[in-house]
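Novice:
Chains as they are written, first to last, in the working numbering: chain D, 1 to 142; chain L, 1 to 443.
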């Protein structure tokens, strides 16, 4: 139910994202979702990829500092209110969202929300109780 | 199997006998050798003779050890100015070895050894290693660079003469260093402390548990390092870490070394005469006062050094070491008079930066100090590599780390510096001395 996301530390300088992207391409790893959280000086490149183990191994052997973090992925209908419905399910639970990002499939009618919660298990329980089922990695990556 | 030796047993190593010579006898040997070396330099080295003549001083006027204060100093610039052979006191046919040390600017410096000089060098290295508790039967990995740098060959000859098994890995290729250390059951390593830190990191990445290996001692030198680095090294690898001191201009590694009491470094005074002087005025300072270490080679033939200004800041520790050696000790060298950085008028030593970084993370990350000048003002940036342990994928946590580093540096240094978190492995790793400071202010 939890999805493995890989995060990289990158300096905020021109050309610093090319190297990891090229490495993953060479290994045939597909980047399914990507988000760059940045400050003026540096950033954290978060990715969901077709083969997280291979990606982490490849990047580490090339000297990158990699962190693997569990996140939740949730399908929502790509329409006004899709995100609000999910967030409302968590309202009042006290569960903190450490970060989130979203992407939508232009051809389909679904959007995917990626969440990192301070308490992942509590979040899963709460979402399921509200009838929202986080995706298994096979569903996300198929 | 060898029984584990107690420190008291180890200190009885026969090669260490000269370390315990009665002081009066030691002084006698020192005076006699000083007179010989001064005469030799007077006869063979033009620069030395002309400086003596400027002072109207003749070798015969050196009648006591105190008279050494009358003699002119030798500076690193003298070696550079007389490059390559200007300070040699032996004809080239008697020189069996040349080493070259990279000067920080311009020309390198060359140092020469006769056969006897190499033997003396080997003998002091043997005494260093014996003082660290190493002996026949140890397997010693020498990971100092071999070649023009004195570290590799100096440690090599010493370890071999001690009767140890030498694994001459030289610097570089950390993975192979760790593999051989493990496969050969290496018991001691000689390298720079920074390089050993790198091996600790790399071993962890490779899943090799250094603590489980037979490695029990590290003899670390060629650059200043701190007590906190020692604690870190010892706790991460479960070895005993020794500080060894030396410089090519005097002989190479083996001028002085810690014994198992780790209360300063014993100087092999029968070959190297230590003085401490005020780095500015050159006036001699009493024991227990910090100043610049000045060394005179008492037995060197090919290239005698009289009152060589080492630029290393230390003091002669008063009193006798618990180990019983009569050799005087210098304090560990934390800084060099030419390491000092003056940033916006404030004196800063790289060791202070190190202390601040250690305080925050508990371990020493790879770092580098970059100095620039912007609009006529000095700017100092401390670049710190983000390691696996430090990295979190939350911006807030990284910002917190950044702020803690900033706070510690501001507090220790007393001036505002910039902290930059940089990607792992982007700071160049050195196999010899770590290059911690990049000064772009003049370019």
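Just so it is clear, CB atoms sit at the ideal spot from N, CA and C, and this is done for glycine as well. Since the model is a prediction, treat every value here as computed from it, not as a measurement.
Across which residues does DSSP place residue 382(L) in a beta bridge pair?
Specialist: Answer is 369(L) and 419(L).
Novice: Got a sec: which bits of the stretch 360 to 394 of chain L sit with their beta carbon under 9 Å from any beta carbon on chain D, in order along the chain?
Specialist: Hits within the stretch, in order: 385, 386, 387, 388, 390, 391, 392, 393 and 394.
Novice: Suppose contacts are defined by Cβ-Cβ distances below 9 Å. Is residue 185(L) in contact with residue 143(L) by that definition?
Specialist: Going by C-beta atoms, residue 185(L) is not nearer than 9 Å to residue 143(L).
Novice: What distance in whole Å lies between the Cβ atoms of residue 220(L) and residue 67(D), which are believed to be in contact at a cut-off of 8 Å?
Specialist: Actually they do not touch by this definition, with Cβ atoms about 32 Å apart.
Novice: In three-state terms, what does DSSP make of residue 34(D)?
Specialist: Three-state result, residue 34(D): strand.
Novice: With a threshold of 8 Å, are at least 3 pairs of Cβ atoms found where one atom belongs to the stretch 403 to 417 of chain L and the other to the stretch 353 to 362 of chain L?
Specialist: Cβ pair count under 8 Å is three or more, so yes.
Novice: Excluding sequence positions up to five away, which residues of its chain have a Cβ less than 6 Å from the Cβ of residue 373(L)?
Specialist: Only 441 meet the Cβ criterion.
Novice: Should the stretch 88 to 97 of chain L be called in touch with the stretch 208 to 225 of chain L, which here means at least 3 C-beta pairs below 8 Å?
Specialist: As far as the Cβ criterion goes, the stretch 88 to 97 of chain L does not touch the stretch 208 to 225 of chain L, which means the pair count is below three.
Novice: Return the chain-ordered ranges of every alpha helix (DSSP H) run that is complete within the stretch 212 to 244 of chain L and spans a minimum of 4 residues.
Specialist: The qualifying runs are 227 to 237.
Novice: Go ahead and label residue 428(L) buried or exposed: buried means 16 or more other beta carbons lie within 10 angstroms of its beta carbon, across all protein chains shown.
Specialist: Flag for residue 428(L) reads exposed.
Novice: Name, in chain order, the residues that DSSP records as bridge partners for residue 316(L).
Specialist: DSSP, once it has assigned bridges, lists 330(L) as partnering residue 316(L).
Novice: Relative to the C-alpha of residue 103(D), which residue among 92(D), 132(D) and 113(D) is closest?
Specialist: The option with the nearest alpha carbon to residue 103(D) is 113(D).
Novice: Pull up the CB-CB distance for residue 299(L) and residue 127(L), whole angstroms please, since I reckon it's below 8 Å.
Specialist: Not really, about 14 Å apart at Cβ, beyond 8 Å.
Novice: If you draw a straight line from the C-alpha of residue 313(L) to the C-alpha of residue 64(D), how long is it?
Specialist: One C-alpha to the other measures close to 39 Å.
Novice: Quick one: grab the DSSP three-state call for residue 42(D).
Specialist: Strand, per DSSP.
Novice: Is the stretch 289 to 306 of chain L in contact with the stretch 111 to 127 of chain L, if contact means three or more CB pairs nearer than 8 Å?
Specialist: The answer is yes - the stretch 111 to 127 of chain L touches the stretch 289 to 306 of chain L, with three or more Cβ pairs under 8 Å.
Novice: Should residue 188(L) and residue 139(L) be called a contact, given that it needs their Cβ atoms to be closer than 9 Å?
Specialist: Yes, the pair counts as a contact, with Cβ atoms nearer than the cut-off.
Novice: Just to confirm, are residue 6(D) and residue 76(D) a CB contact at a threshold of 9 Å?
Specialist: Contact flag unset, no.
Novice: Taking Cβ-Cβ distances shorter than 7 Å, what residues in chain L pair up with residue 63(D)?
Specialist: 424 and 425, listed in chain order.
Novice: Please confirm if the stretch 413 to 421 of chain L is in contact with the stretch 328 to 348 of chain L, defined as three or more CB-CB distances below 8 Å between the two stretches.
Specialist: Touching, yes.
Novice: Inspect the CB distances between the stretch 157 to 167 of chain L and the stretch 118 to 138 of chain L and report whether three or more fall short of 8 Å.
Specialist: Segments in contact, yes.
Novice: So residue 399(L) contacts chain D; which residues on that side make the cut at Cβ distance below 8 Å?
Specialist: Here the neighbours are 39.
Novice: So the candidates are 27(D), 135(D), 32(D) and 72(D); which of them puts its Cα closest to the Cα of residue 99(D)?
Specialist: Residue 99(D) has its Cα closest to that of 72(D), out of 27(D), 135(D), 32(D) and 72(D).
Novice: Measuring straight from C-alpha to C-alpha, what distance separates residue 190(L) and residue 84(L)?
Specialist: Residue 190(L) and residue 84(L): Cα-Cα distance of roughly 29 Å.
Novice: Here's the rule: buried if 16 or more other CB atoms are within 10 angstroms of the residue's CB, otherwise exposed. What is residue 342(L)?
Specialist: Exposed.
Novice: For residue 382(L), which of 290(L), 357(L), 410(L) and 419(L) has the nearest alpha-carbon?
Specialist: With distances taken between Cα atoms, residue 382(L) lies closest to 419(L).
Novice: Using a Cβ-Cβ cutoff of 7 Å, what residues of the stretch 2 to 13 of chain D are near chain L? List them in chain order.
Specialist: Of all residues in the stretch 2 to 13 of chain D, 7, 9, 10 and 11 have a Cβ within less than 7 Å of some Cβ in chain L.
Novice: Please list the segments of the alpha helix (DSSP H) lying wholly inside the stretch 161 to 213 of chain L, counting only runs of 4 or more residues, in order along the chain.
Specialist: The stretch 161 to 213 of chain L contains these whole alpha helix (DSSP H) runs: 174 to 183 and 193 to 206.
Novice: Counting pairs of Cβ atoms below 8 Å between the stretch 230 to 244 of chain L and the stretch 258 to 276 of chain L, do you hit three or more?
Specialist: Segments in contact, yes.
Novice: Given that a residue counts as buried once 16 or more other Cβ atoms are within 10 Å of its Cβ, and exposed if not, what is residue 7(L)?
Specialist: Residue placement at residue 7(L) cannot be trusted, given a pLDDT of 46 that sits under 50; the coordinates are not used to answer.
Novice: For residue 130(D) and chain L, any beta-carbon pair shorter than 9 Å?
Specialist: Taking Cβ atoms only, chain L never reaches closer than 9 Å to residue 130(D), which makes this a no.
Novice: Measuring only between beta-carbons, confirm whether residue 69(D) sits less than 9 Å from chain L.
Specialist: Interface residue, yes.
Novice: Counting Cβ pairs, one atom from each stretch, are 3 or more of them under 8 Å apart for the stretch 321 to 337 of chain L and the stretch 392 to 402 of chain L?
Specialist: Contact fails: fewer than three Cβ-Cβ distances are below 8 Å.
Novice: Leaving out the 5 sequence neighbours to the left and right, which residues in its chain are closer than 6 Å to residue 123(D) when beta-carbon positions are compared?
Specialist: Cβ neighbours of residue 123(D) beyond the five flanking positions: 95 and 117.
Novice: Please classify residue 61(D): does DSSP put it in a helix, a strand, or coil?
Specialist: Here residue 61(D) sits in helix by DSSP.
Novice: Can you name the residues that DSSP bridges to residue 97(L)?
Specialist: For residue 97(L), which the question treats as bridged, DSSP gives the partners 113(L).
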